[in-house]
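*Asks:* Protein chains in written order, with the numbering used here: chain A, 42 to 406; chain B, 42 to 406; chain C, 42 to 406; chain D, 42 to 406.
Quick reminder that beta carbons are idealized off the backbone N, C-alpha and C, glycines included.
4 protein chains.
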Amino acid sequence: MAHPGDVSALAALLESHAVDARSICAVIGKTEGNGGVNDFTRGYFVDRLMTLLEHHLNEPADMLAQRIPCILSGGTEGVLSPHYTVLCRTASSAATDAPALAIGTAFSEPTDPALIGTSAHAASVAEAVRSAISDAGIDSVDDVHFVQVKTPCLTSARIAALAALGTAPPANSAGHSMARARAAGAMGVAVGLGELAIADIRDDMLLGDFGAYCSRASISSGVEVACNEVVVLGNSRRWSGPLVIAHRPMQDAIDLNSIHDVLGDLGLPAMRQIAGPERNRIRCVLVKAEPDRRGAIRGQRHTMLNDTDIDPQRHIRGAVGGLVAGVIGDTRIFVSGGAEHQGPDGGGLIAVIAERETRTELAGE
Amino acid sequence: MAHPGDVSALAALLESHAVDARSICAVIGKTEGNGGVNDFTRGYFVDRLMTLLEHHLNEPADMLAQRIPCILSGGTEGVLSPHYTVLCRTASSAATDAPALAIGTAFSEPTDPALIGTSAHAASVAEAVRSAISDAGIDSVDDVHFVQVKTPCLTSARIAALAALGTAPPANSAGHSMARARAAGAMGVAVGLGELAIADIRDDMLLGDFGAYCSRASISSGVEVACNEVVVLGNSRRWSGPLVIAHRPMQDAIDLNSIHDVLGDLGLPAMRQIAGPERNRIRCVLVKAEPDRRGAIRGQRHTMLNDTDIDPQRHIRGAVGGLVAGVIGDTRIFVSGGAEHQGPDGGGLIAVIAERETRTELAGE
Amino acid sequence: MAHPGDVSALAALLESHAVDARSICAVIGKTEGNGGVNDFTRGYFVDRLMTLLEHHLNEPADMLAQRIPCILSGGTEGVLSPHYTVLCRTASSAATDAPALAIGTAFSEPTDPALIGTSAHAASVAEAVRSAISDAGIDSVDDVHFVQVKTPCLTSARIAALAALGTAPPANSAGHSMARARAAGAMGVAVGLGELAIADIRDDMLLGDFGAYCSRASISSGVEVACNEVVVLGNSRRWSGPLVIAHRPMQDAIDLNSIHDVLGDLGLPAMRQIAGPERNRIRCVLVKAEPDRRGAIRGQRHTMLNDTDIDPQRHIRGAVGGLVAGVIGDTRIFVSGGAEHQGPDGGGLIAVIAERETRTELAGE
Amino acid sequence: MAHPGDVSALAALLESHAVDARSICAVIGKTEGNGGVNDFTRGYFVDRLMTLLEHHLNEPADMLAQRIPCILSGGTEGVLSPHYTVLCRTASSAATDAPALAIGTAFSEPTDPALIGTSAHAASVAEAVRSAISDAGIDSVDDVHFVQVKTPCLTSARIAALAALGTAPPANSAGHSMARARAAGAMGVAVGLGELAIADIRDDMLLGDFGAYCSRASISSGVEVACNEVVVLGNSRRWSGPLVIAHRPMQDAIDLNSIHDVLGDLGLPAMRQIAGPERNRIRCVLVKAEPDRRGAIRGQRHTMLNDTDIDPQRHIRGAVGGLVAGVIGDTRIFVSGGAEHQGPDGGGLIAVIAERETRTELAGE
């Protein structure tokens, strides 16, 4: 991407029929905004993407935006490179000898602003997650490896509007609302995956009890959406194709070993930097990270949470992005901040989509 | 460090006689400012440090500041933790069976503002480097692994003052002057180490020809110094003690393999994250890094150089700091930006001070 | 505007036929980005605006963008409110007893990247300015009060591309190129208005001799345009309507008296805050401002130029915006930074479009 | 001030005996940090100031810091110039024909971290305010025009420490704690001045009911203090000298008329920019301001509260500083953000110390 409105790479693929517009079921990407409330690069990209698809699908852009999740994380701090991944599914009658990457999506009803960041919000996310798992044709929740949710949040104007109506707003600032919405989303995924029961989710757990987390949940929050958009990624024998997905929680922001471990899960070498044909097998790296809220990493003070100049999420994306890009040898890494309840406190998660190991490779590619 | 003025850890060591104030020959550290022209955390720390040493050495703080280099890099972006390393040397008659870490320092004359960032500036740095090598008792320049230089730069006020005097300022902004001063410093180190001849250094090479670089030079530039302060680190048979130093250039900002290589040079395991007794052997990690000025890393666009909100040096310190901290398993890493001519273009260098491998360890610690 | 992609207010006016899309000749506005190289709010707004007009004019958006100048300044620091002004002209046979606001536009050929920020660039701007004056039907350059130019600049990628081709880039960074492009634009306006001859414009004057300036020039620079887009505003007897325009240079960033003076030129009261019917007469306030590059305002040091955290242009827009909004009593003020050669050094200019004084008012409204 | 550690101007005054160190009772100033939790320019300045006074008063710096309030607001956004005002009082037997500026100070006991930002905190501030009024020799609270309080806040580390002890922290982030501490301080001043009763102050009012405010309270909050430091400024017949003080609330961030009004209270001309001898009468301008939390100023949206790149307080200081500096014609203005409950919601207050009008002036200077 040359800029956040640049969809020319996909346009070329559509033009050359390398990609069929009808096969596109979701888009996940990173744009070069600040990742905060006033990041309009996400809206800009969605606008351009949907206008492009409108031309190819002869369906209004605003309708498309309501059925194709387009989940963008703003912020390409440090070495990170703006990019997007287009998830496609096509019909196939190929015989399947191993589970392959499976994709499912779902949209919830619009979220009531007064409920954003509450357990009711979590319940609606859980329902959408179950719907997306079903859409993916994944039989067991154990085969789900990554659940991306895009969920709405409050702006300061919406908070003021709620207060004016006599409703206690569920957050005291836009930033606070984004965090609470992500917390509710993560707990919703945990419920959707059967890790927790909805009855377990209390409002005061959200941003309160960080022992409760889901290491397969990746939540973004933004002012530009009105309902919960869900993308589920897992492995299923009902799908064929060369791709598989794996994931691992990251224990903290410098947990290099988890990165090696997830690569090992995929049969990729887990030492030094991945190179050559092994690197080419990697198609998409998805990471969530979070500045440790206790103010220290392995006992040493960090300064991310007390910085008035750079937002904590911008700090952590840059640091974890540098680490993961160093191992992968590629800077097109999806690293999203705001990992509240998404992996261990102060840590997060990593998921990788890669081509399956093949005999050809073993034979010496 | 609890804050940039916090020298309590050293105060306690001096109080308990664990450290003799007379043995202190240099201090290298990272403070939590922004690392730019308006970063006053460096001056604050120096002020407090020198006041502390004044009490112990009965020598005025401003005199101490002119003989003990105190080289601070502002900016603890991402996971980086504010910290400082105190370099001490004590007399010893111990038999030496292997070269040990050697330390030397030097101060140049004050730098003429009109010459900051020119080849004349480089020449004065070169002379100070030679003086510091001699002070370290290092016989061969090949045994030098790291040369830290702190060098003055122009503020916008000083630039205006030069212009008012009819002198063409050697830089058009404070940021530009910092960069030029670092370039001159790096070329000065190259000359001091015999890698280049002073006649080779032309003004237009500085920030012009990035093929010319020195992968043992680490240059900081700041408004708070008036002359070039130099610290040379290397290995020498004239020194004894458990420590040694090694270094490697980094080819780019995600060059994980160079980090493994420098650890390998020190007999440390070079795969996954260092842990346990091996991690304890590491005493100091020194890194220089730089956003690739061609706008891409391994062919993928990065956004560091066109960001109006976050300074490019803040971006790169956060990313490379995350990578190195991940390998070392510790966030007390000295990562300094502004690596112009200090290592390959878009890359930089890494130097590590560690305890020498001992038989005890091999025996199964 | 609720966000940078929000053109709903104009959409409603077009829908209700309050505005005829064919009458729109230019748009000037402020969006809430950072105003720098990586401000994509300007591109986003233009994209949405042109898509809207495409629907109403049945002409492709990209063609519209090449004939309707849409000049946006990013950055609504402090109290400034995102907004845009749509300049329309309609045919009329009304008798004219006084000069009225006249509007003219012009587009130059695409600017050769190798010439951006040079005297050749200035010459092409001058030609476009003369063309726009002619388009406005303004007979004397003395009746021109404001010339807005949007002009291209280099990104770091384009700079690298030029260097790779063996061409010396006319700037060493994207920010530097933006500044040089604005300087060339301002001198181009001076030439177009006959204040200077093109032979007077030397490359070394640009960002070199700030005694040369044009207090009717307002220049924006951005990566999103390829040629010079010009809007000329003045007064002409060939036009009718209730509006007139006036302007004044601002001597420095706190030159309150110039604001009062331009209001006085328009028959508005020039003391305390404008209120009631007088405020309603004001339709558009256009300001250029600049952090004094000598580092002080009236002898007192300012910190805008040495700040690594906040861009100098963001600082100055916030401060001057606060001052002008305080006098006008409205925060919808166009304040653009980067006023190199646009008004006195360290100052800038202010232009105001207002309804002409009428007898009704004098009679006691 | 050349930088935040620069106390040379006061050093020169002390050296020349123009100021007697024993007369110094408080210092109020602006330093060029970011004004946030990680602004160390305040601590740096205090450190240097107290070291200077230690030399002159032969009293340890840390003891001096506990009896001379040194209240600094970080952040010189826009045109603001770093500066400090030294408040001195000397014995005099001069006959007094009019009330003159009176100064009083007080220090509370250290504040329990668990109570920061609660009504108990407000109560301790109120007691210190009463003590400072008494110290100032002001008989009626009506003669108090400005009460500056410096009060502690929690860092993220302190918040985590409280939580670890099982105490519910009174704030969920450092920034939140700073805001709550300022709210408690403002309500404490209101109680100290008899505007409210302590029984009226409930915890949920703080940052909850902005209809409750004190337009004579100016509160700063910072990690570098442990107790409440209070400076009271008013007029009293017990004092003599040429200076007087006046104040006005500001209704919003563009309330130009209040600035004119406070100048009028002091017999200064209240139109256009103050100049010449009248400007010389002004000695100190103290302003508190706040981004309107409802997201709009006079009905127009502002973007300060949703900006991830620039802190809202930095935005508002720049804007209001530009406005006040424009009226005063001087950029040495104390503008402090964080005006919660200090003046009307979205507004704040202005206080000015000036020389009393004299007949000489009236005779036509």
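1. What number of angstroms, rounded off, separates the C-alpha of C:GLY275 from the C-alpha of C:ALA316?
2. Please confirm if B:LEU327 has its CB atom under 7 Å from at least one CB of chain F.
3. Could you tell me the distance, in whole angstroms, from the CA atom of D:VAL48 to the CA atom of D:VAL68?
4. Please tell me whether A:VAL376 has its Cβ less than 7 Å away from any Cβ of chain B.
5. Tell me D:GLN30's beta-bridge partners as DSSP assigns them.
6. Could you give the distance in angstroms between the alpha-carbon of B:LEU372 and the alpha-carbon of C:ALA163?
7. With DSSP as the reference, please indicate the residues paired to B:GLY389 in a beta bridge.
8. Here's a check: name, in chain order, each residue in its chain whose Cβ is nearer than 8 Å to the Cβ of D:THR152, leaving out the five neighbours to either side.
9. Could you confirm whether any beta carbon from chain A is found closer than 7 Å to the beta carbon of B:LEU403?
10. What is the DSSP secondary structure of C:VAL285, reduced to helix, strand or coil?
11. Curious, which full-length beta strand (DSSP E) runs of at least 3 residues does the region 51–135 of chain A contain?
12. Mind checking D:MET228: buried by the 16 CB within 10 Å criterion, or exposed?
13. Can you pull the chain C residues whose beta carbon is under 9 Å from the beta carbon of A:GLU73, in chain order?
14. Jot down the residue ranges of each uninterrupted beta strand (DSSP E) in the region 336–388 of chain B, minimum 3 residues, whole runs only, in chain order.
15. Could you compute how far the alpha carbon of D:LEU304 sits from the alpha carbon of C:LEU364?
16. Looking at chain B, which residues of the region 336–363 of chain D have a Cβ within less than 9 Å of any of its Cβ atoms?
17. Determine, using beta carbons only, whether B:VAL320 and B:GLY370 come nearer to each other than 7 Å.
18. Can you find the residues in the same chain that come closer than 7 Å, C-beta to C-beta, to D:GLN107, ignoring five residues on each side of it along the sequence?
19. Determine the direct distance from the alpha carbon of C:ALA102 to that of C:HIS96, and round the result to whole angstroms.
20. Let me see if you follow: with CB-CB separation under 7 Å, is C:GLY384 close to chain D or not?
21. Could you tell me which whole alpha helix (DSSP H) segments of length 4 or greater appear in the region 188–219 of chain C?
22. Using 8 Å for Cβ pairs, my map puts D:ASP348 next to A:ASN213. What's the rounded Cβ distance?
23. At a Cβ cut of 8 Å, what residues of the region 87–100 of chain C count as close to chain A, listed as they run along the chain?
24. Kindly indicate if chain B contains any beta-carbon less than 7 Å away from that of A:MET291.
25. Per DSSP, which one or two residues make a beta bridge with A:LEU142?
26. Quick one: which chain B residues come within Cβ less than 8 Å of A:GLY370?
27. Under 8 Å, with one C-beta from each stretch per pair, do the region 257–267 of chain B and the region 218–234 of chain B reach the 3-pair mark?
28. Pull out every residue of the region 112–135 of chain A whose Cβ sits closer than 9 Å to any Cβ of chain C, in chain order.
29. Closest Cβ-Cβ distance between B:THR151 and chain D: below 7 Å?
30. Cα-Cα, which of C:LEU327, C:ASP306, C:GLY340 and C:GLU381 is closest to C:LYS71?
31. Who are C:VAL326's beta bridge partners in DSSP?
32. Just checking: is the beta-carbon of A:ALA50 within a distance shorter than 7 Å of some beta-carbon in chain B?
33. Would you please verify whether the beta carbon of C:TYR254 is less than 7 Å from any beta carbon of chain A?
34. Between B:ALA261 and chain C, is any beta-carbon pair separated by less than 7 Å?
35. Using a Cβ-Cβ cutoff of 7 Å, what residues of the region 183–201 of chain B are near chain C? List them in chain order.
*Replies:* Looking at the coordinates:
1. Position 234 of the third sequence, counted from the start, is the residue given in the question as residue 275 of chain C. Position 275 of the third sequence, counted from the start, is the residue given in the question as residue 316 of chain C. In a straight line, the C-alpha of C:GLY275 is about 25 Å away from that of C:ALA316.
2. No chain F is present in this structure, whose protein chains are A, B, C and D.
3. As a position in the fourth sequence, residue 48 of chain D is number 7, starting the count at 1. As a position in the fourth sequence, residue 68 of chain D is number 27, starting the count at 1. Taking the straight line from one Cα to the other gives about 12 Å.
4. Within the first sequence, the letter at position 335 stands for residue 376 of chain A. So, not an interface residue.
5. Lying before the first or after the last residue shown, residue 30 of chain D is absent from chain D, which here runs from 42 to 406.
6. Counting from 1 along the second sequence, the entry for residue 372 of chain B is found at position 331. Counting from 1 along the third sequence, the entry for residue 163 of chain C is found at position 122. For the record, residue 372 of chain B in the displayed sequence is Thr; it is not Leu. Cα to Cα, B:THR372 sits roughly 51 Å from C:ALA163.
7. For the purposes of this step, residue 389 of chain B is taken as residue 348 along the second sequence, with counting starting at 1. Answer by DSSP bridge pairing, in chain order: B:MET291.
8. By one-based count along the fourth sequence, residue 152 of chain D stands at place 111. Excluding residues within five positions, the ones whose Cβ falls inside 8 Å are HIS162, SER165, THR192, PRO193, ALA267, CYS268 and ASN269.
9. Sequence index remark: in the second sequence, residue 403 of chain B carries index 362 (1-based). Interpretation of B:LEU403 is limited by its pLDDT of 38, a score under 50 that renders its predicted location unreliable; the figure taken from the coordinates is listed afterwards. Chain A, which has no Cβ nearer than 7 Å to the Cβ of B:LEU403, makes this no.
10. The count along the third sequence starts at 1 and reaches residue 285 of chain C at position 244. C:VAL285 falls in the strand class under three-state DSSP.
11. 65–72, 111–115 and 124–129
12. Stepping through the fourth sequence from its first residue, residue 228 of chain D is reached at position 187. Label assigned to D:MET228: buried.
13. On the first sequence, position 32 is the one that residue 73 of chain A refers to. Here the neighbours are ASN79 and PHE81.
14. 375–377
15. Taking the fourth sequence and counting its residues from 1, one reaches residue 304 of chain D at position 263. Taking the third sequence and counting its residues from 1, one reaches residue 364 of chain C at position 323. One C-alpha to the other measures close to 17 Å.
16. THR349, ASP350 and ILE351
17. Counting from one through the second sequence, the residue named residue 320 of chain B turns up at place 279. Counting from one through the second sequence, the residue named residue 370 of chain B turns up at place 329. Residue identity check: residue 320 of chain B is Arg in the sequence provided, not Val. Result yes, Cβ atoms of B:ARG320 and B:GLY370 sit closer than 7 Å.
18. Residue mapping note: residue 107 of chain D aligns to position 66 of the fourth sequence, counting from 1. Hits under 7 Å: PHE148.
19. Here the question's residue 96 of chain C lines up with position 55 in the third sequence. Here the question's residue 102 of chain C lines up with position 61 in the third sequence. Cα to Cα, C:HIS96 sits roughly 9 Å from C:ALA102.
20. As a first step, residue 384 of chain C is located in the third sequence; it is residue number 343 there, counting from the start. Judged by the 7 Å Cβ criterion, C:GLY384 is not in contact with chain D.
21. 197–205
22. By 1-based counting over the fourth sequence, the position of residue 348 of chain D is 307. By 1-based counting over the first sequence, the position of residue 213 of chain A is 172. In fact, because the Cβ distance is near 17 Å, the residues do not count as touching under 8 Å.
23. ASP88, ARG89 and THR92
24. On the first sequence, position 250 is the one that residue 291 of chain A refers to. A:MET291 does not count as touching chain B.
25. Translated into positions along the first sequence, residue 142 of chain A becomes position 101. Answer is A:ASN276, bridged to A:LEU142.
26. Taking the first residue of the first sequence as 1, we reach residue 370 of chain A at position 329. Residues of chain B passing the Cβ test: ILE295, LEU297 and ARG339.
27. yes
28. none
29. The residue you call residue 151 of chain B lines up with position 110 of the second sequence. In the sequence under discussion, the amino acid at residue 151 of chain B is Pro, which differs from the Thr named in the question. No, its Cβ sits nowhere closer than 7 Å to a Cβ of chain D.
30. As a first step, residue 71 of chain C must be located in the third sequence, where it is residue number 30. For the residues C:LEU327, C:ASP306, C:GLY340 and C:GLU381, the minimum Cα distance to C:LYS71 belongs to C:LEU327.
31. For this step, residue 326 of chain C is matched to residue 285 along the third sequence. Beta-bridge pairing links C:VAL326 to C:VAL393.
32. Residue mapping note: residue 50 of chain A aligns to position 9 of the first sequence, counting from 1. Closer than 7 Å: no.
33. Indexing the third sequence from 1 puts residue 254 of chain C at position 213. Not closer than 7 Å to any Cβ of chain A, the Cβ of C:TYR254 fails to qualify, so no.
34. Along the second sequence, one-based indexing puts residue 261 of chain B at 220. The sequence given here has Ser at residue 261 of chain B, not Ala. No - not a single Cβ of chain C is within 7 Å of the one on B:SER261.
35. THR196, SER197, ALA198 and ALA201
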